[in-house]
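Trainee: Those sequence lines, one after another, are chains A and B.
188 is the number that our numbering gives to position 184 of the first sequence; each next residue is one higher, with no gaps.
1411 is the number that our numbering gives to position 157 of the second sequence; each next residue is one higher, with no gaps.
For every residue, glycine included, the Cβ atom is placed at its ideal position computed from N, Cα and C.
The structure under discussion is supplied below as structure tokens; questions concerning it will follow.
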Amino acid sequence: MKEFLESFNTLALIVYLTCMLVFISITNNPIVQIIFFVSLCLLIFFADKKTFINALIVSAFIGIPIMIINPIVNSRGATVLLRLSEVPALGDIKITLECLAFALVLMLKLVNTVLMFIFFNLCAEPDKIFNLMAIAAPRSAITAALTAKMIPNMVESTKRIAEIQMTRGAQLKSKNLIKKVTTGWRFIKILLFLNLEGSLQTAEALESKGYGASKRRKHYDERFRVRDFLIAFSGIMVVFMVILKYSRDILAFKFFPRLGFFINGRIGAYIILGLLPILIGLPVILGWGVNKCRFLKRII
Amino acid sequence: MQIFETNNLTYFYPDSNLPALEDINLKISQGEMILLVGHSGCGKSTLLKFLAGLVPGFYGGRIAGNAFFNDTNILKELKPLAPKVGILFQDPEKQLITSTVEREIALPMENVGTNHQEAKRRLSEVVCAVGIEELAGKKIRTLSSGQKQKVALASILGMNPDVLLLDEPTSQIDPISSEELLNMVRKIAEDSGKTIIMAEQKLERCLHFADRVIAMDNGRIVFDGCTDEYCRWACKMEFEFVPIIPRLFSGLNIEEIPITIKEGRKVLSSMLKGKTQFQSFFKKTFKREIESKVVPKIKIKNLKFPYDDSNCVLKNINIEIKQGEFVAILGQNGTGKTTLLKNINGLLRPESGTIEISGVPTKGKSIYELAHSIAYLGQNPDDYLFSNTVKDEVLFTLNNFNRKWDKKTGELLSVLRLDKVQDKNPRDLSSGQKQRTALASIMCMLQEIILLDEPTRGMDYTNKQALGEMLLDLQNIGTTIVLVTHDVDFAAEYCDRVIIMHDGEIIGDGTKEEVLKSNLYYSSQISKLFNGFGDFVTFKEAEEALKELTAYSDQLGAR
């Protein structure tokens, strides 16, 4: 599956990613965001199971603080679920159903954005992105190449540094919060030192290979195949849904003072909710189809 | 035809008051193979980067003097000289940009706008020339360091440069890959007519095919001449960067100093001709006496370790290492040497078998507990350094073990020659000092055992010698030292015992004389030179033997 996902044209992937991100960022309906979340989870799960586990961990790290902090600091809403008085440092706290729903959507928006980038990372080959960026933004292409190298290097270095710290008596699994913070800071410091020095050498190597010296000539042109048209089209369809949603007031949702209807009854809302998982999941659906059907493989 | 010319070139890095290059006057002709030698930090890399057009363009700084490349003043534009000049750096990891071999080789050609047909032709040519045909379709991350360095070389050759600059290209790769890479460089030098300028520490592997040697010290050129002249000059001036063979013979009054083992054996053979009495004396007098040490410090019994179900990295290892022993573990990459060290200090746990430290099994003991008696130094000292001063780096470990800075800690810093730099930031120190700081940061608990993983990787001769002597000092106070290395000459010079590993098993174990003398590959330069003449393994023994032989010859001459 991963091999098929990596075969997409980078430009088509960027169109798909951008359109999906537009939809995620301007949709406030919890049902739509939940559908997005479930679809993206399935998408990543079928693409790469190991990445799926990591994606869930990342989502939990991002999502849980929002779900905790937002209802505490925001007291809007009419449906009070819990009242706490004179909580140290926070005073009186009123937790409302509306705020919980608002926090849920906020969290899902952020998590869906991160998951979208994780999926994009699974599909997009760094070399292809580099080639594409080298035409439009040559200096940013260097930054992208260095970042692409830096992340796996950091992952690799972390294990090595942890081993060394343990042989120097550092208690990495301490329950003491101050110790945890100082250990984390130490790790970041070593990782940054190692990787920034490494990045400088990589940039120097790239410069010595004539990067930016003259006009670039690509030797690996990416074809724009039917499969690329399809995923770009799925992205454009999602944007069309946004326009439809706004122009016809479909799936609009209000949080305050009381929660509105999740689905406002129009047929358009059901069409959007039905089509959305298919459009989001199209890359994986195509991959599955190509594996099962020779004809599909030939035409896309 | 002259390709490079510099006149009174002086360069300062930004924020530095000391010149990295001072008064450099050079004339380099097309097709020359030049070897650049000198200490770490003497300016070799800076000179190569200048010749590649990266200094001062990429780094900034101040520059004075004149420099010409093919009669064009290169100080006017300050930009990289690619594709005419290509440079290969030390670390293969850091210089590869793309994720597949083929794209990496094509990258410089894409950058300089080589047309598609030409690029395709060159790609297939360099892949064959560098011998990486089978790697062409592979992902970079799946390659070994040696293979990565070959890919980096192929990528530069793809630009078809007139000048090839190599900055210690073998310092981060294993000896077999080093040998292959240097042979490749030799072939390019001999067949292609390209100008090659190479900074390298493994002089014994490349001095013989260089046309010219440039020695540098403190940013200045201190010698510039042919190989033979260089050997004489370096021995006379006590400049350390001379391979063992010419260094050994330089003290003798012979016309042509041998550079390779073959030439050395020829000289030795002519010196010993007709002196049968001396030949037997040779073998008796210099037989090393091995001290018998009784207390077992590390005892490994039937050790097995797999990384996964199918692949057993360590297979039934049995070793007993006595207190105060200095043991070297040799073997190819991936034979389980590092895994063995990590099993000893508890970073990895054996699947079966036992490990005892001072008679106590390590099973059930935490890494923290084991770290009280075992110090472990990994391959990269930079992984250790994060504090603002050397002293803080040591204090971090001491605090972790609830210990305080005492007299012995101060003494340790003196033994490690760090007492004068203890208030400096460790990241600003030289590579040798960085490594000693890392060693101090793990040894401040004054452990009885030190495990070192490839400590000489990328080190110059002086730093290696300093490290060897420092380890001998530690051995003299009873420390047990176990060292994983590819550097056979270092093992021969400083260790007592040598263990050879292959495919997770021990295939050789004995005194260094027993193991290295009889081995075809893991053999020191000295033992190869004296093979069949005498049982010498270290430089000192060989030097003394040759002195005796000369004195004997003089006596015969006098009679």
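My output table needs one value for proline 1560(B): the three-state DSSP class, helix, strand or coil.
Mentor: Reduced to three states, the DSSP call for proline 1560(B) is strand.
Trainee: Hey, is tyrosine 20(A)'s beta-carbon within less than 9 Å of any beta-carbon in chain B?
Mentor: no
Trainee: With 16 as the cutoff for other CB atoms within 10 Å, does alanine 1360(B) come out buried or exposed?
Mentor: buried
Trainee: Tell me whether alanine 1417(B) sits in a helix, a strand or coil according to DSSP, three-state version.
Mentor: The question names alanine, but residue 1417(B) is valine in the sequence shown. Strand, per DSSP.
Trainee: With a threshold of 9 Å between beta carbons, is threonine 1663(B) in contact with chain A?
Mentor: With 9 Å as the cut-off, threonine 1663(B) does not count as an interface residue toward chain A.
Trainee: Starting from the N-terminal side, write out each stretch of the alpha helix (DSSP H) that is 4 residues or longer and does not extend beyond the segment 1363-1429 of chain B.
Mentor: 1370-1384 and 1399-1411
Trainee: Any beta carbon from chain A within less than 9 Å of valine 1644(B)'s own beta carbon?
Mentor: no
Trainee: If you check the beta carbons only, do leucine 1332(B) and glycine 1473(B) fall under 9 Å apart?
Mentor: no
Trainee: In the DSSP assignment, the alpha helix (DSSP H) including lysine 1662(B) goes from what residue to what residue?
Mentor: 1661-1669
Trainee: With a threshold of 9 Å between beta-carbons, can aspartate 131(A) be considered close to chain B, or not?
Mentor: yes
Trainee: Alanine 149(A) versus chain B: which residues are under 7 Å apart at the beta carbon?
Mentor: Ile1351
Trainee: Using CA coordinates, which residue listed in Gly291(A), Phe56(A), Phe266(A) and Arg190(A) is at the minimum distance from leucine 255(A)?
Mentor: Phe266(A)
Trainee: Which residues, taken in chain order from the segment 1356-1385 of chain B, show a beta carbon closer than 8 Å to some beta carbon of chain A?
Mentor: Taking 8 Å as the upper bound on Cβ-Cβ separation, chain A lies near residues Arg1357, Ala1360, Leu1361, Pro1362, Met1363, Glu1364, Asn1365, Val1366, Gly1367, Thr1368, Asn1369, His1370, Ala1373 and Lys1374 of the segment 1356-1385 of chain B.
Trainee: Please list the partners that methionine 1413(B) has in chain A, where partner means a Cβ-to-Cβ separation under 9 Å.
Mentor: Lys213 and Gly214
Trainee: Which same chain residues end up closer than 7 Å to valine 1791(B) when comparing Cβ atoms and leaving out the 5 residues on each side of it in sequence?
Mentor: Ala1746, Lys1766, Glu1767, Leu1770, Lys1771, Ser1778, Ile1780 and Ser1781
Trainee: Terminal residues of the continuous alpha helix (DSSP H) containing cysteine 1460(B)?
Mentor: 1457-1460
Trainee: Name the chain A residues that come within less than 9 Å of lysine 1551(B), Cβ to Cβ?
Mentor: Going along chain A, no residue has its Cβ under 9 Å from lysine 1551(B), so there is no contact; the nearest lies around 18 Å.
Trainee: Do you know how far the Cα of lysine 1456(B) is from the Cα of phenylalanine 1503(B)?
Mentor: Spanning the two alpha carbons is a distance of roughly 18 Å.
Trainee: Do you know offhand how far proline 1604(B)'s Cα is from threonine 1739(B)'s?
Mentor: 22 Å
Trainee: When we look at the beta-carbon of methionine 1363(B) and count the other beta-carbons within 10 Å, is it buried (16 or more) or exposed?
Mentor: buried
Trainee: For the segment 179-213 of chain A, which residues have a CB atom closer than 7 Å to at least one CB atom of chain B, in sequence order?
Mentor: Arg190, Lys193, Ile194, Phe197, Leu198, Gly202, Gln205, Thr206, Glu208, Ala209, Leu210, Glu211, Ser212 and Lys213
Trainee: Please confirm if the segment 1612-1623 of chain B is in contact with the segment 1556-1565 of chain B, defined as three or more CB-CB distances below 8 Å between the two stretches.
Mentor: Contact between the segment 1612-1623 of chain B and the segment 1556-1565 of chain B is absent, because fewer than three Cβ pairs lie under 8 Å.
Trainee: Between serine 1685(B) and glycine 1712(B), how many whole angstroms is the CB-CB distance? I'm expecting something under 8 Å.
Mentor: Confirmed, Cβ separation roughly 7 Å.
Trainee: Should aspartate 1714(B) be labelled buried (16 or more other beta-carbon atoms within 10 Å of its own) or exposed?
Mentor: buried
Trainee: Answer yes if the segment 1628-1637 of chain B comes into contact with the segment 1686-1702 of chain B, meaning at least three C-beta pairs across the two stretches below 8 Å, and no otherwise.
Mentor: Three or more beta-carbon pairs separated by less than 8 Å link the segment 1686-1702 of chain B to the segment 1628-1637 of chain B, which places the two stretches in contact.
Trainee: I want to check one thing, is the minimum distance from the CB of valine 1381(B) to the heavy atoms of the ligand FMN below 8 Å?
Mentor: Summarising the ligand content, the structure contains no ligands, and the ligand FMN is consequently not present.
Trainee: Is aspartate 225(A) closer than 9 Å to serine 1353(B) when the C-beta atoms are compared?
Mentor: no
Trainee: Using a C-beta to C-beta distance shorter than 8 Å, which residues of chain A count as neighbours of isoleucine 1621(B)?
Mentor: Met170 and Thr171
Trainee: Closer than 7 Å, Cβ to any Cβ of chain A: which residues of the segment 1597-1624 of chain B, in chain order?
Mentor: Asn1599, Leu1601, Ile1621 and Tyr1622
Trainee: Residues in the same chain with beta-carbon distance under 8 Å from isoleucine 70(A), minus the five sequence neighbours each way, listed in chain order, please.
Mentor: Ala107, Leu110, Met111 and Leu114
Trainee: Answer with yes or no whether the minimum CB distance from proline 287(A) to chain B is below 9 Å.
Mentor: no
Trainee: Considering only the alpha carbon of each residue, which of Arg221(A), Val26(A) and Ile289(A) lies closest to leucine 136(A)?
Mentor: Arg221(A)
Trainee: List in chain order: all unbroken alpha helix (DSSP H) runs of 4+ residues lying wholly within the segment 254-284 of chain A.
Mentor: 271-284
Trainee: Could you name the residues of chain A that arginine 1681(B) contacts, counting a contact when the two beta carbons are closer than 8 Å?
Mentor: Phe197
Trainee: When the cut-off is 9 Å and only beta carbons count, does glutamate 7(A) lie next to chain B?
Mentor: no
Trainee: Would you say glycine 1632(B) reaches chain E, if we count a Cβ-Cβ gap shorter than 9 Å as a contact?
Mentor: No chain E appears in this structure, whose protein chains are A and B.
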